[in-house]
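These protein sequence lines map, in sequence, to chains H and U. Using this note's numbering, read the first sequence as starting at 356 and increasing by one per residue. Using this note's numbering, read the second sequence as starting at 330 and increasing by one per residue. Below is one structure, written out as structure tokens; the observations come after it.
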Amino acid sequence: MNKILKMALLLSPIIFCLGCGGDPIEVTRVPKESAPSESAQAALPDAPQVEDENSRMPPPAATAASGEVAWKTPSGWKQEPASGMRRASFSVQGEDGLSADVSVVNLPGSAGGLLQNINRWREQIALPPLSEKELGAHLQRTASAAGTVRWVDFVSSAPLEGKHKRRVLAAVLEQSGQSWFFKMSGDDPAVAAGRRDFIRFLESLRPPK
Amino acid sequence: MKSAAKRFLDVLSSLQLTILCLSLLMALIVFCTLDQVHLGTFGAVDKYFRHFFLYGPSDGFARRLPVFPGGGMVGSILLLNLSASHFYRFQWTRQKSGIWLIHAGLIVLVLGEFVTGMLAVESQMAVEEGFSRNYTESPRLTELAIVDASSKEHDEVYSIPESILSRQKVIRHAKLPFSILVKKYYENSTLADNPGWLRELPSLATMGVGKKIIVRPAAPVSRDDEANQVSAFVELMDGDRSLGAWLVSTAVDAPQGFSYLGVPYRLALRHKRTYLPFTIFLKDFKHDLYPGTEIPKNFSSAVLLTNAAKKENREALIYMNHPLYYEGKTFYQASFAKNDTVSIFQVVENPGWVLPYIAFILVGVGLLTQFLTHLLSFKAESNP
């Protein structure tokens, strides 16, 4: 049997090499395939040297959301077009021409985790990140028909642009394997004035039908 | 004293080596069968029989170490063992002709498995009624396709296999005016929309749909009912100058277009395509049910096969157990989609398909010869 093992060891490098060898890059000339973007591309003679066309591309197949969470919009919130990834968008007018922006976005799964998202919101208003231990002290909870909504309220330590501090009210609801994010942001006086409506808005959340 | 070469041949042609190989193969079959629960049929066969070694878990530093011979290794040794004993140990006599044939049959059988493992290709072709296709797609392999669409008559497709994409940091081709820098590669991934305000994991993509998409790595899958969603961030470079970085993924349906130096290109990570020298046009797909039930009775596809080079135009009806054979490829009716308007064919190309049949005939004739030879000699001995 010892001889056999020796033989196997002797043969193995030769046999191993037989299995080596990578797939090369293939170049194939194929009949023209119609591409919807081609005609649009030809119509842009003054485009930069590298031209990106993908604003016209369809979104990935993996992003389809299932049911939508429903809510009652507070009076005084003006519905804005839900551009980009926003499921809904509102503007809230405050005093002195100040306004706050409200956005609703949903993402599959935990979307990076609660702490990571909260620290990102803090970063947006130049606040230092929180640790897992510190997070509990800042989290507030509101009950809704769609489940418990966890939310935070942060004010920047100094004005970032203009004369007012910036404020972020942001909430997360986990529903049917998706995370729903509701955020009101803007100048501190405008967000402070809209805070009560924002909490009522969170309380009005209903699960998808 | 025996020479080294003779000792080598003695061991190589020994019955002990045959038994060792057969025992190892049996062990591999048991492992493979048990592991099918986790890996699926394709994954388990690939792991246990399509490689020369089974590898242990990664220690996080070095490459994974081989822990057991794989089917490729055992099969190779068995093939050498059978061939050596066939030509070295056995002498050609009429008495031994049965054994010769059995051995020859086993050699052909092992060779057939090698040919199948190395050369057989299974792919799929999905054709919509009223449309034609000139390529098949691999359900498991993917490729990064860069299509030069500058010609009015044809497209030039540069197909970079996933094996290169996953291994190489920089990919170059003499005919492409740029190199491809693979910034990140995901064997499996999930994609989600990236709202700008969330600043969720800033995308590596500076061009295309990827700017608004978050990619998260996922554990690779190999079960029969699952598929990996391969994704990568690739940056096109002309020397040191970046032309932009794109997210490419099998989850992104459409190719992404750009133009460089006046040449329009399309970029897509897609299932590996094999272009055919002919086209299949689907005239009609039928999905018949037993009357009054939802139980399928028959699926059939009426197709028109056109091979311009051979000036061939032929009609065929593909249905269950009645595939279309053409140019070494077999088109089986496999599935359908889109409210019975899309027909899906399983396309099998196996140059070694005839070898198992030859092997069985040889072994069968060998066993019969051996039995009859012994029977006749026994009869002759008992009737002196």
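Backbone N, C-alpha and C define an ideal beta-carbon position, used for all residues, glycine too. Remember, predicted model here, so these are calculated numbers, not experimental data.
Worksheet entry | Contact belief for residue 531 of chain H with residue 563 of chain H at Cβ below 8 angstroms, rounded distance in angstroms | For the purposes of this step, residue 531 of chain H is taken as residue 176 along the first sequence, with counting starting at 1. For the purposes of this step, residue 563 of chain H is taken as residue 208 along the first sequence, with counting starting at 1. With 8 angstroms as the limit, residue 531 of chain H and residue 563 of chain H qualify as a contact, their Cβ atoms being about 7 angstroms apart.
Fill in: Cβ distance (whole Å) where residue 595 of chain U is taken to contact residue 372 of chain U below 8 angstroms
As a working mapping, residue 595 of chain U is identified with position 266 in the second sequence. As a working mapping, residue 372 of chain U is identified with position 43 in the second sequence. Not confirmed; about 32 angstroms, so no contact.
Worksheet item: Distance, Cα to Cα, residue 343 of chain U vs residue 483 of chain U?
Response: In the second sequence, the residue the question calls residue 343 of chain U occupies position 14. In the second sequence, the residue the question calls residue 483 of chain U occupies position 154. The straight-line gap from Cα to Cα measures roughly 58 angstroms.
Worksheet item: Applying the criterion that 16 or more other CB atoms from any shown protein chain within 10 Å of the CB defines a buried residue, is residue 709 of chain U buried or exposed?
Response: Your numbering for residue 709 of chain U matches position 380 in the second sequence. Exposed is the call here.
Worksheet entry | Residues of its chain near residue 406 of chain U, where Cβ-Cβ distance is below 6 angstroms and the 5 sequence neighbours each way are ignored | The residue given as residue 406 of chain U occupies position 77 in the second sequence. Same-chain partners within the cutoff: 350.
Worksheet item: Over what stretch of residues does the beta strand (DSSP E) that includes residue 589 of chain U continue unbroken?
Response: On the second sequence, residue 589 of chain U is found 260 positions in, with the first residue counted as 1. From DSSP, the beta strand (DSSP E) with residue 589 of chain U extends over 585-589.
Fill in: Own chain partners of residue 405 of chain H with C-beta closer than 8 angstroms, once the 5 adjacent residues on each side are dropped
Within the first sequence, numbered from 1, the residue matching residue 405 of chain H stands at position 50. Confidence at residue 405 of chain H is low in this model, with a pLDDT of 46, below 50, so the placement of that residue is unreliable and no value is reported for it.
Discussion item. Under 8 angstroms, with one C-beta from each stretch per pair, do the region 611-626 of chain U and the region 495-513 of chain U reach the 3-pair mark?
Written reply: no
Worksheet entry | For residue 461 of chain H and residue 515 of chain U, the rounded distance between their alpha carbons | Within the second sequence, numbered from 1, the residue matching residue 515 of chain U stands at position 186. Within the first sequence, numbered from 1, the residue matching residue 461 of chain H stands at position 106. Between residue 515 of chain U and residue 461 of chain H, the C-alpha separation is close to 24 angstroms.
Worksheet item: If we ignore side chains and look at the alpha-carbon of each, how far apart do residue 529 of chain H and residue 444 of chain H end up?
Response: On the first sequence, position 174 is the one that residue 529 of chain H refers to. On the first sequence, position 89 is the one that residue 444 of chain H refers to. One C-alpha to the other measures close to 19 angstroms.
Worksheet item: Does any residue of chain H bring its CB to less than 9 angstroms from the CB of residue 490 of chain U?
Response: The residue given as residue 490 of chain U occupies position 161 in the second sequence. Closer than 9 angstroms to some Cβ of chain H, the Cβ of residue 490 of chain U qualifies, so yes.
Worksheet item: Where residue 725 of chain U and residue 499 of chain U are concerned, what is the direct C-alpha to C-alpha distance, given to the nearest angstrom?
Response: Residue 725 of chain U falls outside the range modelled here, since chain U spans only 330 to 713, and no answer is possible.
Worksheet item: If residue 647 of chain U and residue 671 of chain U are in contact, beta carbons under 8 angstroms, what's the gap, nearest whole angstrom?
Response: Counted from its first residue, the second sequence places residue 647 of chain U at position 318. Counted from its first residue, the second sequence places residue 671 of chain U at position 342. Not quite, the Cβ-Cβ distance comes to about 14 angstroms (not below 8 angstroms), so this is no contact.
Item to complete: Closer than 9 angstroms, Cβ to Cβ, to anything on chain U: give me those residues from the region 523-556 of chain H, in chain order.
Response: 536, 538 and 540
Item to complete: Compare the C-beta of residue 383 of chain H with all C-beta atoms of chain U and state if any pair is closer than 9 angstroms.
Response: If you number the first sequence from 1, residue 383 of chain H lands on position 28. True, the Cβ-Cβ gap to chain U drops below 9 angstroms.
Worksheet entry | Start-to-end residues for the beta strand (DSSP E) that takes in residue 472 of chain H | Taking the first sequence and counting its residues from 1, the one referred to as residue 472 of chain H is at position 117. Taken as a continuous stretch (DSSP letters only), residue 472 of chain H belongs to no beta strand (DSSP E), being part of the alpha helix (DSSP H) at 469-479.
Worksheet item: Do residue 403 of chain U and residue 353 of chain U have their C-beta atoms within less than 9 angstroms of each other?
Response: Locating residue 403 of chain U in the second sequence gives position 74, where the first residue counts as 1. Locating residue 353 of chain U in the second sequence gives position 24, where the first residue counts as 1. Cβ distance < 9 angstroms, so residue 403 of chain U and residue 353 of chain U count as in contact.
Worksheet item: Looking only at C-alpha atoms, which of U:562, U:547 and U:493 sits nearest to residue 534 of chain U?
Response: As a first step, residue 534 of chain U is located in the second sequence; it is residue number 205 there, counting from the start. If we check each option's Cα against that of residue 534 of chain U, U:562 comes out closest.
Practice prompt. For chain U, find out if any of its Cβ atoms is closer than 9 angstroms to the Cβ of residue 558 of chain H; answer yes or no.
Written response: Working through the first sequence from its first residue, we reach residue 558 of chain H at position 203. Output row for residue 558 of chain H: interface = no.
Worksheet item: Does residue 462 of chain H get closer than 9 angstroms to chain U when you measure Cβ to Cβ?
Response: Here residue 462 of chain H is taken as the residue at index 107 of the first sequence, counted from 1. At least one chain U Cβ lies under 9 angstroms of residue 462 of chain H.
Discussion item. Let's see if you can read the secondary structure: which residues bound the beta strand (DSSP E) around residue 643 of chain U?
Written reply: In the second sequence, the residue the question calls residue 643 of chain U occupies position 314. Start and end: 641-648.
Worksheet entry | Buried/exposed call for residue 664 of chain U, threshold 16 Cβ in 10 Å | Taking the first residue of the second sequence as 1, we reach residue 664 of chain U at position 335. Exposed, by the Cβ-count rule.
Discussion item. Rounded to the nearest angstrom, what separates residue 577 of chain U and residue 394 of chain U at their Cα positions?
Written reply: As a first step, residue 577 of chain U must be located in the second sequence, where it is residue number 248. As a first step, residue 394 of chain U must be located in the second sequence, where it is residue number 65. Looking at the two C-alpha atoms, the distance is approximately 32 angstroms.
Discussion item. Tell me which residues share the same chain as residue 645 of chain U and place their Cβ nearer than 7 angstroms to its Cβ, disregarding the 5 neighbours each side in the sequence.
Written reply: For the purposes of this step, residue 645 of chain U is taken as residue 316 along the second sequence, with counting starting at 1. Closer than 7 angstroms at Cβ, skipping near neighbours: 632, 634 and 653.
Worksheet item: Closest Cβ-Cβ distance between residue 367 of chain U and chain H: below 9 angstroms?
Response: Working through the second sequence from its first residue, we reach residue 367 of chain U at position 38. Chain H, which has no Cβ nearer than 9 angstroms to the Cβ of residue 367 of chain U, makes this no.
Item to complete: Check the Cβ-Cβ distances between residue 427 of chain H and every residue of chain U, and say whether any is below 9 angstroms.
Response: Reading the first sequence from its first residue, position 72 is the one you call residue 427 of chain H. Output row for residue 427 of chain H: interface = no.
Worksheet item: What is the C-beta distance between residue 559 of chain H and residue 427 of chain H, in whole angstroms, given that I count them as a contact (C-beta under 8 angstroms)?
Response: As a first step, residue 559 of chain H is located in the first sequence; it is residue number 204 there, counting from the start. As a first step, residue 427 of chain H is located in the first sequence; it is residue number 72 there, counting from the start. Residue 559 of chain H to residue 427 of chain H, Cβ: 4 angstroms. Contact.
Worksheet entry | Residue from U:466, U:379 and U:657 whose Cα sits closest to the Cα of residue 447 of chain U | Position 118 of the second sequence, counting from 1, holds the residue named residue 447 of chain U. If we check each option's Cα against that of residue 447 of chain U, U:379 comes out closest.
Item to complete: Could you check the C-alpha separation between residue 609 of chain U and residue 676 of chain U for me, to the nearest Å?
Response: Within the second sequence, residue 609 of chain U is the residue found at index 280, counting from 1. Within the second sequence, residue 676 of chain U is the residue found at index 347, counting from 1. Those two C-alpha atoms are separated by around 12 angstroms.
Worksheet entry | Rounded straight-line distance, which links the Cα of residue 494 of chain U to that of residue 542 of chain U | Locating residue 542 of chain U in the second sequence gives position 213, counting from the first residue. Locating residue 494 of chain U in the second sequence gives position 165, counting from the first residue. If you take the alpha carbons of residue 542 of chain U and residue 494 of chain U, they lie about 20 angstroms apart.
Worksheet entry | Interface partners of residue 463 of chain U on chain H, CB under 8 angstroms | Here residue 463 of chain U refers to the residue found at position 134 of the second sequence. Under the 8 angstroms cutoff, chain H gives 385 and 386.
Worksheet item: Apart from the five residues just before and just after residue 542 of chain H, which ones in its own chain have a Cβ nearer than 6 angstroms to its Cβ?
Response: As a working note, residue 542 of chain H is residue 187 in the first sequence. Answer for residue 542 of chain H: 453 and 519, listed in chain order.
Worksheet entry | Sheet register partners of residue 506 of chain H (DSSP bridge) | Taking the first residue of the first sequence as 1, we reach residue 506 of chain H at position 151. Bridge partners of residue 506 of chain H: H:495 and H:526.
Worksheet entry | Min CB distance residue 604 of chain U to chain H below 9 angstroms | One-based indexing of the second sequence puts residue 604 of chain U at position 275. Yes, contact with chain H.
Practice prompt. Decide if residue 370 of chain U is buried, meaning its Cβ has at least 16 other Cβ atoms within 10 Å, or exposed.
Written response: Start at 1 with the first residue of the second sequence, and residue 370 of chain U comes out as number 41. That one is exposed.
Worksheet item: Across which residues does DSSP place residue 398 of chain U in a beta bridge pair?
Response: The residue you call residue 398 of chain U lines up with position 69 of the second sequence. According to DSSP, residue 398 of chain U bridges with U:382.
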